[in-house]
Each structure stands twice: as structure tokens, then as C-alpha cells.
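Reading through the C-alpha cells given below for one structure.
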Amino acid sequence: MSMKEAPYFRTEMTPIRSVHLSPTQIPANITEAYRGLHRIIDCDPAYGAAWKLGGTTAATQRIFKVNKLYFGPLHEREVAVLPSAAPAFQTYELKGEAEIALRIASTAADFLRADRKNTDEAPLSMLFDAWCAALELPSSPIENLADIGVTALIADRCAAGFLALGRAHPVDDFTNWAGSVLRVKQDGQTIATGGSSALLSPPDICARSFIIEALAQGFSPRPGQWISTGGATPCVNFTAGADISVCYNDHEELRFVAGIGTA
Numbered sequence: 013m014s015m016k017e018a019p020y021f022r023t024e025m026t027p028i029r030s031v032h033l034s035p036t037q038i039p040a041n042i043t044e045a046y047r048g049l050h051r052i053i054d055c056d057p058a059y060g061a062a063w064k065l066g067g068t069t070a071a072t073q074r075i076f077k078v079n080k081l082y083f084g085p086l087h088e089r090e091v092a093v094l095p096s097a098a099p100a101f102q103t104y105e106l107k108g109e110a111e112i113a114l115r116i117a118s119t120a121a122d123f124l125r126a127d128r129k130n131t132d133e134a135p136l137s138m139l140f141d142a143w144c145a146a147l148e149l150p151s152s153p154i155e156n157l158a159d160i161g162v163t164a165l166i167a168d169r170c171a172a173g174f175l176a177l178g179r180a181h182p183v184d185d186f187t188n189w190a191g192s193v194l195r196v197k198q199d200g201q202t203i204a205t206g207g208s209s210a211l212l213s214p215p216d217i218c219a220r221s222f223i224i225e226a227l228a229q230g231f232s233p234r235p236g237q238w239i240s241t242g243g244a245t246p247c248v249n250f251t252a253g254a255d256i257s258v259c260y261n262d263h264e265e266l267r268f269v270a271g272i273g274t275a
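In this text, residue positions in the sequence shown follow our numbering: the first is 13, and each later residue adds one.
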């Protein structure tokens, strides 16, 4: 009698060797996938310095056959504010998409409880104290990720790679991103354009929905952690050594050299 294979979970910071998963190698369901992430976080509390969201765009919901968001924790080494180069280590892929990220406020502590039911009604400035334009650089070694499904993606920490955060801007109760335009440039040429309208919900609603879902799955988001709300632009490949910048409404928010950790 053959033994069942252990489900795949990403235990390395940044795998650089490809894997091809079979259905017997993935968690049985989303709940089991999140339980695996709990074990990873329990072993190293530096995971969860930021959270990356998926399923917040029509494209990701279609590809992974879901109707709500999913998420993965980022390690503190996978996050940097205004880095001069990114990622800081070698990754399997070198690509990225511009996103809106929000930082959980200290005043949100009372809402970060599983028994709190009205997180969606809390004033924006009580939940979040800052936002920024960010460049999320996903990287997954799973060759057949789109085919194998969302449980494998969650077990892979949602293709965690690196998150480059731009200049922080304060949040107030009137902050909104409607009509915003985000541009990703490589060596001065625009290679991707989008905005908050690419998301199925405004960035703050995505972030609120993450908090509710994370609490439901037993996670503990904390003040000071960033939530990157999903691809506001298409995800595009970068050339190692290229100059990458992100503009928000034509204001440069972030600039770095791509692929410093790649060979």
C-alpha cells in the first residue's frame, strides 16, 4: 500500500528550484492550507510583517476559481520601505505589479479580535494610519500553479517574493483612491498601467475584508503590519539590473534597481 505524500508547504524563504505538484501533494482544502501557514508562523514570528492579498481582482478569481480573497504572510526580510534595490535576495522569478498597501493603525487593536463583528463599519482612520504605492514582486517555484489551484497557492504563501513599499501617506476618513493611475516604469519607459479600479473593491475594503477573513482563519493581524491589496496593474517581467519606478498620479513614489539578488 502506497503512503500518502505530505502536502507541500513553502518552508524556504525563497525557493529557486522549480517543483511540479500532483493533486496528492496539496492540502485537502483552504482551511488545511491556512493551518499549514499557522505552523510556519509559529516557527518564526517574523512571518506576518506584511500580508499579500489575492483574489481581489477578476483575473485572479477566474484563474484560481474563487469568489473571495485569499492571503499569505510575508517575512520581515521580504519587505522593505524605499529600497534602493529589490528583491534583496535571489528569487525564482523577477516580475512585479503595482499595488496599494495600507498599514494597520495602533487604534485598530480593539477591532483585531475574532469576536468583533463590525470591522467593516470602523472609521477608515481607526483601522489604518498610512497607505503607499507599492511594488509587489511575486515569485513561485510551482510550475503548474494555475492548474493545481488555490490551496497550493496559499501553501506557497501566495507566491511570496518581495514587497517594496513606497513613501507613506497619512490616512484620514476621506482618503480614497478612485480614479487613481499607477504606472510601472522600466528604465524610464512605462511597461504597465492601472489603478485602484482594477480591484473588485476599493483598497480599504479589500484590507478590511482581509482582516475579517484572517481572524476567521485564526490569524492575528497586528498594528504596524502592511496589507498589500492586490494587483492594480498587470504583472510584468523585469530585466535584472533595470531601473524600476512606480508613479501614482504621475508622482514618483518608489524607485529601485531590479534583481539585485539574482545571478
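Glycine residues also receive a C-beta, built at the ideal position from the N, C-alpha and C atoms.
Exercise for review: Mind the definition here: the stretch 177-187 touches the stretch 195-209 only if three or more C-beta pairs lie below 8 Å; say whether that holds.
Suggested key: no
**Study point:** Contacts around residue 44, its chain only, beta-carbon distance under 8 Å, and the 5 residues preceding and following it disregarded
**Key:** One-based indexing of the sequence shown puts residue 44 at position 32. Hits under 8 Å: 19, 163.
Exercise for review: Within its chain, find whatever has a CB closer than 6 Å to the CB of residue 72; leave out the 5 residues flanking it on each side and keep chain order.
Suggested key: Numbered from its first residue, the sequence shown carries residue 72 at position 60. Same-chain partners within the cutoff: 66.
Check your understanding: How would you call residue 148, buried or exposed, if buried means at least 16 neighbouring beta carbons within 10 angstroms?
Key -> As a first step, residue 148 must be located in the sequence shown, where it is residue number 136. Result: buried.
**Study point:** Contiguous beta strand (DSSP E) assignments of at least 3 residues, all confined to the stretch 149-230
**Key:** 174-177, 194-198, 201-206
**Study point:** Given 8 Å, three or more beta-carbon pairs between the stretch 141-158 and the stretch 167-181
**Key:** yes
Practice item. Could you check the C-alpha separation between residue 223 and residue 50 for me, to the nearest Å? Key: Taking the sequence shown and counting its residues from 1, the one referred to as residue 223 is at position 211. Taking the sequence shown and counting its residues from 1, the one referred to as residue 50 is at position 38. Between residue 223 and residue 50, the C-alpha separation is close to 16 Å.
Exercise for review: Write down the C-beta distance between residue 167 and residue 86 rounded to the nearest angstrom, noting that I regard them as a contact closer than 8 Å.
Suggested key: For the purposes of this step, residue 167 is identified with residue 155 of the sequence shown, where counting begins at 1. For the purposes of this step, residue 86 is identified with residue 74 of the sequence shown, where counting begins at 1. Actually they are not in contact, since the Cβ atoms of residue 167 and residue 86 sit about 15 Å apart, beyond 8 Å.
Exercise for review: Could you tell me if residue 237 is buried or exposed, where buried requires 16 or more neighbouring beta carbons within 10 angstroms of its beta carbon?
Suggested key: Taking the first residue of the sequence shown as position 1, residue 237 is located at position 225. Flag for residue 237 reads buried.
Review point. What is the DSSP secondary structure of residue 30, counted as helix, strand or coil?
Key: Start at 1 with the first residue of the sequence shown, and residue 30 comes out as number 18. Correct three-state label for residue 30: coil.
**Study point:** Cβ-Cβ distance between residue 221 and residue 62 below 8 Å
**Key:** Start at 1 with the first residue of the sequence shown, and residue 221 comes out as number 209. Start at 1 with the first residue of the sequence shown, and residue 62 comes out as number 50. Against a cut-off of 8 Å, the Cβ pair of residue 62 and residue 221 comes out as no contact.
Check your understanding: What are the start and end residues of the beta strand (DSSP E) that includes residue 257?
Key -> Stepping through the sequence shown from its first residue, residue 257 is reached at position 245. Run containing residue 257: 255-260, per the beta strand (DSSP E) assignment.
**Study point:** Cβ neighbours of residue 30 in the same chain (closer than 6 Å, five flanking residues each side left out)
**Key:** Position 18 of the sequence shown, counted from the first residue, corresponds to residue 30. Only 153, 155 meet the Cβ criterion.
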